[in-house]
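Chemist:
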Amino acid sequence: SNGKLNGVIFSIIFLLSGAFIAMLIDKFIPDEPRPSPSAPSGKLYRVGFVSMIALMIHNFPEGIATFVSGYENTTLGISIALAIALHNIPEGISVAMPIYYSTKSKYKAFKYTLFSGLAEPIGALL
479 SNGKLNGVIF SIIFLLSGAF IAMLIDKFIP DEPRPSPSAP SGKLYRVGFV
529 SMIALMIHNF PEGIATFVSG YENTTLGISI ALAIALHNIP EGISVAMPIY
579 YSTKSKYKAF KYTLFSGLAE PIGALL
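All residue numbers for the sequence shown refer to the numbering used here, where the first residue is 479 and numbers rise by one.
1. Would you check if the distance between the CB atom of G541 and the CB atom of A597 is smaller than 8 Å?
2. Quick check on this structure: which residue in P599, Y590 and S580 has the alpha carbon closest to the alpha carbon of K521?
3. So, is L603 buried or exposed, given that buried needs 16 or more other C-beta atoms within 10 angstroms?
4. Decide if the stretch 557-569 is in contact with the stretch 527-546; the criterion is three or more beta carbon pairs, one per stretch, under 8 Å apart.
5. Taking C-alpha atoms, which residue in M501, A543, K584 and T552 lies nearest to V528?
6. So what's S583 in DSSP terms, helix, strand or just coil?
7. With a threshold of 6 Å on Cβ separation, who are the neighbours of V525 within its own chain once the five nearest residues in sequence on each side are excluded?
8. Consult DSSP for I636 and reduce its assignment to one of helix, strand or coil.
9. Do M530 and S489 have their C-beta atoms within less than 8 Å of each other?
10. For V573 versus T552, is the C-beta spacing smaller than 8 Å?
11. In angstroms, rounded to a whole number, what distance separates the CA positions of G555 and N484?
12. Assuming contact is defined by CB atoms lying nearer than 8 Å, are A563 and G548 in contact in what I supplied?
13. By DSSP, does N551 sit in helix, in strand, or in coil?
Given below as structure tokens:
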């Protein structure tokens, strides 16, 4: 019963934290019109950038979970690592595509996707 209550409390805290972070992102990464044809498309670029931030936050605890599960049980750790690797493919696409189509830069799309993915091994190391 006490564990269930703690779970509810933590869920509420993290839900409110997520909403607060979303409000901060909305405030500090505004929708801006495109100043020139060569400039990144404002809305699409914002989608990619916000996705990158969200996935960095999301991937950090995934790294921790993968490490802990592998530390406790190698077979379980490998299974979780494979499952997470598979689900990271669409996550990477969700960052890369809007960045690429808004900037026309494969380098920027790769860089932003790399940053979002690096949060996972960093989480595993901590």
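Ideal placement from N, C-alpha and C gives every residue a C-beta, glycine not left out. Every value quoted in this text rests on a predicted model; they were computed, and no experiment measured them.
Modeler: Taking the structure as given:
1. yes
2. S580
3. Label assigned to L603: exposed.
4. yes
5. When the alpha-carbon of V528 is set against those of M501, A543, K584 and T552, the nearest one is in M501.
6. coil
7. Contacts found: P576.
8. Outside the shown range of the chain (479 to 604) lies residue 636, about which nothing can therefore be said.
9. no
10. no
11. 26 Å
12. no
13. coil
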